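Number of protein chains: 2
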Amino acid sequence: MAIADRKAREKENLKSLILQGAKKLFVEKGIEQTTIRNIADEIDYSIGTVYVYFKDKNAILHELHSGGFAELGGYFKELYTIADPMERLRIMGRIYIKFALENTEMYDLMFNLKAPMEFLTKGNQEEWNEGKGAFGVLKSTVEHCMEQGHFKGHTLEPLSFMIWSLVHGMCCLEIRQRSKGVNLANPETIVTDSYNEFLLMIGKA
Amino acid sequence: MAIADRKAREKENLKSLILQGAKKLFVEKGIEQTTIRNIADEIDYSIGTVYVYFKDKNAILHELHSGGFAELGGYFKELYTIADPMERLRIMGRIYIKFALENTEMYDLMFNLKAPMEFLTKGNQEEWNEGKGAFGVLKSTVEHCMEQGHFKGHTLEPLSFMIWSLVHGMCCLEIRQRSKGVNLANPETIVTDSYNEFLLMIGKA
DNA sequence: CTATAAAATGAACAATGTTCAAAAAATAGT
DNA sequence: ACTATTTTTTGAACATTGTTCATTTTATAG
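So the sequence lines, in the order shown, correspond to chains A and B. Note that the first sequence ends on residue 199 in the numbering used here; no numbers are left out. Note that the second sequence ends on residue 199 in the numbering used here; no numbers are left out.
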């Protein structure tokens, strides 16, 4: 039955049209400022249609959150060419920060907003596969560093979490306007400068 | 005119009654789940009265955010008895984390939510004095550490921001459910374990 | 006791996420 | 080609939110 196939294809198309419209508005005017009505308007469909394809707003947010991780994966691609694990770790941090500051709304959605996690909790899925995957990449890089004799005396998982926390914290403070609120001497470069302090520190370790 | 004095006092009382009711509900059921109607009900006043004392919801959130910093200051009190700056720095981090995890909603409000910063931006006040004060305490402690020969080759402000980012990032990931989503071996102790990794690292620096 | 000022009220508004019976369009059966 | 059935789309309607403001209630002054 070729018709059923075409229908399935059309369903998928409309679903990703909704997501595409949603993302455009999110980037343009922020996630909180974007309503279902806005999204429906943007793609010239009715409100009701959106609810046919997504059970609620959280479902849209979760789907876009997943897409964000795919994008982050794209940013990470260039890491595969770097053989030295310590160098790879350093660049990974830079890329993570770059991604966060170039896609603030998406970053917020992926690592800060409650919506995607609530979607998981509310019985839709058991595990945060996107997060586990990304953290796994970091962890295995740190593991390689340790195998080469770096980070002596440290423990893999807490150490990896510490590094994640560090870059995440910088991005959060920046995105949520706390860094600019604190009257720094060089507010424009604080995140990079601050990350360099970390690199200087692990350079000794 | 003693009556005017009493009236001013009563006005202050009612204002702090509103704040007190709001905070109770925030802690009980979360900031996002608390409405103005809830607050009014809680203290047996009408919705309108709340708006006589606060221009909008952001004003309430900002005021409570300020109160949160006062509370954090209380937590920090015991630091004054610690003479050694490195030890003071280490304990400061522990206390910060303790405060964050014991007062998750308040911490979120102070360091993550947009509301208090929007209140400042929207012409109510120029500077984030609470944040500047808290960051100043950290910065001066780090400065003392450097004066004693620690953190050689580092720069005060970016280094301080890095430390702040580290503890903030851990607390954020924990509060916003990202740490538990990542399938750690010891999820209950990850924040403390992770902070200890940092202490181990600066122990060498 | 009356007039004025201050304080408190809650009905009303616009905007939000969400639901669902009805309409419109597409497909299948003859 | 026409009809019946299924699928898709619709938007009016609902509950809940933050917010406003004319009105009522209460307190103070004369």
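C-beta: ideal position from N, C-alpha, C; glycine also. As the structure is a computational prediction, the values presented were derived from the model and not from experiment.
- Around the CB of residue 136 of chain A, 16 or more other CB atoms lie within 10 Å, so the residue is classed as buried.
- By the 16-neighbour rule on beta-carbons within 10 angstroms, residue 64 of chain A is exposed.
- Residues of chain B whose Cβ lies closer than 8 Å to the Cβ of residue 188 of chain A are, in chain order, 152, 153, 155, 156 and 159.
- With respect to the 8 Å criterion, residue 157 of chain B and residue 173 of chain B are not classified as neighbours on the basis of their beta carbons.
- In this structure, residue 96 of chain A sits away from residue 20 of chain A, with a CB-CB distance that is not shorter than 8 Å.
- Against chain A, the beta carbon of residue 111 of chain B has neighbours under 8 Å at 170, 171, 172 and 175, listed in chain order.
- Judged by their CB atoms, residue 59 of chain B and residue 110 of chain B are nearer to each other than the 8 Å cut-off.
- Out of A/129, A/-4 and A/30, the CA that lies nearest to the CA of residue 49 of chain A is found in A/30.
- Straight through space, the alpha carbons of residue 106 of chain A and residue 45 of chain A are spaced by roughly 25 Å.
- Less than 8 Å divides the Cβ of residue 84 of chain A from the Cβ of residue 193 of chain A.
- Using a Cβ distance threshold of 8 Å, residue 188 of chain B and residue 152 of chain A count as a contacting pair.
- Rounded to the nearest angstrom, the gap between the Cα atoms of residue 141 of chain B and residue 130 of chain B is 16 Å.
- Closer than 8 Å to the CB of residue 143 of chain B there is not a single CB belonging to chain A.
- In the three-state reduction of the DSSP assignment, residue 192 of chain A falls in the helix class, which pools H, G and I.
- For residue 162 of chain B against residue 167 of chain A, the beta-carbon gap comes to about 6 Å, under 8 Å, which counts as contact.
- Among the residues facing chain A, residue 194 of chain B is included, as its CB has a counterpart in that chain under 8 Å away.
- A Cβ-Cβ contact shorter than 8 Å links residue 126 of chain B with residue 176 of chain A.
- Secondary structure at residue 158 of chain B: helix, using DSSP grouped into helix, strand and coil.
- For residue 138 of chain B, no chain A residue has a C-beta closer than 8 Å to its own C-beta; the minimum C-beta separation is roughly 17 Å.
- Within the segment 86 to 106 of chain A, the residues whose Cβ lies closer than 8 Å to any Cβ of chain B are, in chain order, 105 and 106.
- Residue 108 of chain B has a beta carbon lying within less than 8 Å of a beta carbon in chain A.
- At a cut-off of 8 Å between beta-carbon atoms, residue 167 of chain A makes contact with chain B.
- By the rule that beta-carbons nearer than 8 Å mark a contact, residue 126 of chain B touches chain A.
- Interface with chain A (8 Å Cβ-Cβ cutoff): residue 184 of chain B is included.
- Assignment of residue 25 of chain A by DSSP, reduced to helix, strand and coil, places it in the coil class.
- In the DSSP assignment, residue 57 of chain A falls within the alpha helix (DSSP H) that extends over 51 to 70.
- The three-state reading of DSSP puts residue 134 of chain B in helix, counting H, G and I together.
- Counting the other Cβ atoms within 10 Å of the Cβ of residue 94 of chain B gives 16 or more, which makes it buried.
- Boundaries of the alpha helix (DSSP H) around residue 110 of chain B: 109 to 113.
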